[in-house]
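Have a look at the structure below, then the notes.
There are 2 protein chains.
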Amino acid sequence: MPTTLDRAAASPAPIEFWFDFSSPYAFFASREIETVAERHGRAVLWRPFLLGVAFKTTGMQGLTTTPLRGDYARHDWDRQARRLGVRFRLPPGHPFAALPPSRLFYWLEARDPAVAARFAKRCLDAAFIEGIALTDAETTVAAAGAIVPYPAETLIAAAAEPAVKQRLKDRTDEALRRGIFGSPFMIADGEPFWGADRLAMLDEWLGCGGW
Amino acid sequence: MPTTLDRAAASPAPIEFWFDFSSPYAFFASREIETVAERHGRAVLWRPFLLGVAFKTTGMQGLTTTPLRGDYARHDWDRQARRLGVRFRLPPGHPFAALPPSRLFYWLEARDPAVAARFAKRCLDAAFIEGIALTDAETTVAAAGAIVPYPAETLIAAAAEPAVKQRLKDRTDEALRRGIFGSPFMIADGEPFWGADRLAMLDEWLGCGGW
Numbered sequence: 001m002p003t004t005l006d007r008a009a010a011s012p013a014p015i016e017f018w019f020d021f022s023s024p025y026a027f028f029a030s031r032e033i034e035t036v037a038e039r040h041g042r043a044v045l046w047r048p049f050l051l052g053v054a055f056k057t058t059g060m061q062g063l064t065t066t067p068l069r070g071d072y073a074r075h076d077w078d079r080q081a082r083r084l085g086v087r088f089r090l091p092p093g094h095p096f097a098a099l100p101p102s103r104l105f106y107w108l109e110a111r112d113p114a115v116a117a118r119f120a121k122r123c124l125d126a127a128f129i130e131g132i133a134l135t136d137a138e139t140t141v142a143a144a145g146a147i148v149p150y151p152a153e154t155l156i157a158a159a160a161e162p163a164v165k166q167r168l169k170d171r172t173d174e175a176l177r178r179g180i181f182g183s184p185f186m187i188a189d190g191e192p193f194w195g196a197d198r199l200a201m202l203d204e205w206l207g208c209g210g211w
Numbered sequence: 001m002p003t004t005l006d007r008a009a010a011s012p013a014p015i016e017f018w019f020d021f022s023s024p025y026a027f028f029a030s031r032e033i034e035t036v037a038e039r040h041g042r043a044v045l046w047r048p049f050l051l052g053v054a055f056k057t058t059g060m061q062g063l064t065t066t067p068l069r070g071d072y073a074r075h076d077w078d079r080q081a082r083r084l085g086v087r088f089r090l091p092p093g094h095p096f097a098a099l100p101p102s103r104l105f106y107w108l109e110a111r112d113p114a115v116a117a118r119f120a121k122r123c124l125d126a127a128f129i130e131g132i133a134l135t136d137a138e139t140t141v142a143a144a145g146a147i148v149p150y151p152a153e154t155l156i157a158a159a160a161e162p163a164v165k166q167r168l169k170d171r172t173d174e175a176l177r178r179g180i181f182g183s184p185f186m187i188a189d190g191e192p193f194w195g196a197d198r199l200a201m202l203d204e205w206l207g208c209g210g211w
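Protein chains in written order, with UniProt numbering: chain A, 1 to 211; chain B, 1 to 211.
Structure representation (structure tokens):
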């Protein structure tokens, strides 16, 4: 019997969208990536991972805590939000360690990838439109609301399962092994595109088959 | 009598193009920034500074020396070059400390801003098309060649003048004071745009007057 991943691999190659739930640029890109993918007959394969683990390898640091760059980022997030016509609110204590939504995503994906995709987008909206730090399973499940057709207790228990925790670890290991060090980070037919700024190049690449 | 800077300020507000001569993304953006500026009736004000000094404030590090990100950057530079139809060659020992071209730029600018602009573009081409590390005045002057209408000895002596050194220090201080932490970093009517990836947004911003 084919697994979820087998099915994803068998469909016309999806655009992998690697991201951290605590990443504002992932939020912005999440609102455009499906339009870009659909334009080229592609699906989006949502791939949350823990950016903080990648930072340990690269020595990079979060935007908000970097002098000068943090000020620019805050200015830019407001500018991006105005351009997209969405409200933007940075969650308190940003960046937050996005373990609960990342774990729950993979638990949901094993059951229904479409539900998991909606959950991913909903969590990014909750984090950056409503400004909710998704730091525990209860908050995450409440933020997801009716999008997830499972009882809250089931989801909260799932987020604590060792196998679910391991799945996120495996995905994060996979990200590092494949050279993914930022969020969002898109891969199309093996070609890497780092950053929300690269949606236009990804679009161009998909349109012409690369150069 | 108006100084060079007074004249620049009196013309329709130019696009400030802050960059480090050792920055591949500055090289790529240097090949497009004038087209973008001209489309909106703007001039380009070339502003070399020392990115390494900014790194001391931000804690950021050079692309090539960052694990994972360095591999991506090298892949991306080749991709950008293919897209622009230019050859790309990383100078040996990259990144290099770009003191000589930066100092000579400001010495030239005080005499003829148009010559200084041509010198800036020529040095970026020398660094990244020919792969020449511009680490000393002799190499820089030789790379600039006939673009600069001064004897080589005059230029080599100029690069060592305390006042010229101080001018570069002042410009680098200005960059940090104004929140400039990367290369290229463009400013249009006070609005900051970081990175070659933001040429499209800068173009859009200039076209509509901002949002």
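Here a beta-carbon is modelled for each residue, glycine too, at the ideal position from N, C-alpha and C.
The model shown is predicted, which means the values in this text are computed figures rather than measured ones.
Asked, Found
"Run through chain B and tell me which residues come within less than 7 Å of Gly190(A), C-beta to C-beta.", "Going along chain B, no residue has its Cβ under 7 Å from Gly190(A), so there is no contact; the nearest lies around 11 Å."
"For the alpha helix (DSSP H) that contains Leu84(B), what are its first and last residues?", "69-84"
"Could you check where the beta strand (DSSP E) with Leu191(A) kicks off and where it finishes?", "Note on residue identity: the sequence assigns Glu, not Leu, to residue 191(A). Its beta strand (DSSP E) spans residues 191-194."
"List, in order along the chain, the chain A residues whose C-beta lies closer than 7 Å to that of Thr58(B)?", "Thr66, Pro67, Leu68, Arg69"
"Based on the DSSP secondary-structure assignment, which residues constitute the bridge partners of Ala116(B)?", "In DSSP, Ala116(B) forms no bridge with anything."
"With DSSP as the reference, identify every bridge partner of Leu45(B), one or two as the case may be.", "Glu16(B)"
"With a 10 Å radius around its C-beta and 16 neighbouring C-beta atoms as the bar for buried, classify Glu109(B) as buried or exposed.", "buried"
"According to DSSP, is Ile129(A) helix, strand or coil?", "coil"
"Could you pull the start and end residues of the beta strand (DSSP E) that Met186(B) belongs to?", "185-188"
"Quick one, which of Arg83(B), Lys56(B), Ala54(B), Leu199(B) has its alpha-carbon nearest Ala26(B)'s?", "Leu199(B)"
"Enumerate in chain order the residues of its own chain whose CB-to-CB distance from Ala8(A) is below 8 Å, with the five nearest sequence positions on each side excluded.", "Confidence at Ala8(A) is low in this model, with a pLDDT of 48, below 50, so the placement of that residue should be treated as unreliable; the coordinate-derived value is given next. Excluding positions up to five away in sequence, the list reads Pro14, Ala43, Leu45, Pro113."
"Mind checking whether the beta-carbon of Ala152(B) lies closer than 6 Å to any heavy atom of the ligand PLP?", "Inclusion of the ligand PLP in the displayed structure is not the case, the ligand content being empty and no account of it being possible."
"Between which two residues does the alpha helix (DSSP H) carrying Glu150(A) extend?", "Going by the sequence as given, residue 150(A) is Tyr instead of Glu. Neither: Tyr150(A) is in no alpha helix (DSSP H) and is coded neither H nor E."
"Starting from the C-beta of Thr57(A), find all residues in its chain whose C-beta is less than 8 Å away, skip the five residues before and the five after it, and write them out in chain order.", "Leu176, Phe181"
"Since Leu90(B) and Arg31(B) should fall inside the 8 Å C-beta cutoff, what is the C-beta to C-beta distance between them, to a whole number of angstroms?", "In fact, because the Cβ distance is near 16 Å, the residues do not count as touching under 8 Å."
"Rounded to a whole number of angstroms, what is the C-alpha to C-alpha distance between Ala54(A) and Ser183(A)?", "10 Å"
"Is Ala116(B) near Ile132(B), with beta carbons less than 7 Å apart?", "no"
"Comparing alpha-carbon positions, which option in Arg171(A), Asp78(A), Leu134(A) lies nearest Gly93(A)?", "Leu134(A)"
"In three-state DSSP terms, what is Ala160(A)?", "coil"
"Counting along the chain, where does the alpha helix (DSSP H) carrying residue 222(A) start and finish?", "For chain A, the structure presents residues 1 to 211; residue 222(A) sits outside this window and is missing."
"Can you tell which of Asp71(B), Phe88(B), Asp173(B) has the C-alpha that lies nearest to the C-alpha of Asp78(B)?", "Phe88(B)"
"For the putative contact between Leu63(A) and Gly70(A), defined by C-beta atoms under 8 Å, what is the C-beta separation to the nearest angstrom?", "6 Å"
"Using DSSP with H/G/I as helix, E/B as strand and the rest coil, what is Glu32(A)?", "coil"
"Taking only beta-carbon atoms, is Gly62(A) less than 7 Å away from chain B?", "no"
"Could you pull out every residue in the same chain whose Cβ sits closer than 8 Å to the Cβ of Arg47(A), ignoring the five residues on either side in sequence?", "Glu16, Phe17, Trp18, Phe19, Arg171, Ala175"
"Counting only Cβ pairs nearer than 9 Å, list the residues of chain B close to Arg82(A).", "Trp211"
"Tell me the rounded alpha-carbon separation between Arg209(B) and Asp203(A).", "Residue identity differs from the one stated: residue 209(B) is Gly in this sequence, not Arg. Their backbone Cα atoms lie some 26 Å apart in a straight line."
"The alpha helix (DSSP H) spanning Leu51(B) covers which residue range?", "51-58"
"Does the beta-carbon distance from Tyr106(A) to Arg178(A) come in below 7 Å?", "no"
"Which first and last residues belong to the alpha helix (DSSP H) in which Ala137(A) is found?", "137-144"
"Taking only beta-carbon positions, decide if Gly179(A) is within less than 7 Å of chain B.", "yes"
"If you follow the alpha helix (DSSP H) that Leu99(A) is part of, which residue opens it and which one closes it?", "99-111"
"If you measure from the beta carbon of Asp197(B) to each beta carbon in chain A, is any gap under 7 Å?", "yes"
"If you measure between the beta carbons of Ala188(A) and Phe28(A), is that distance less than 7 Å?", "no"
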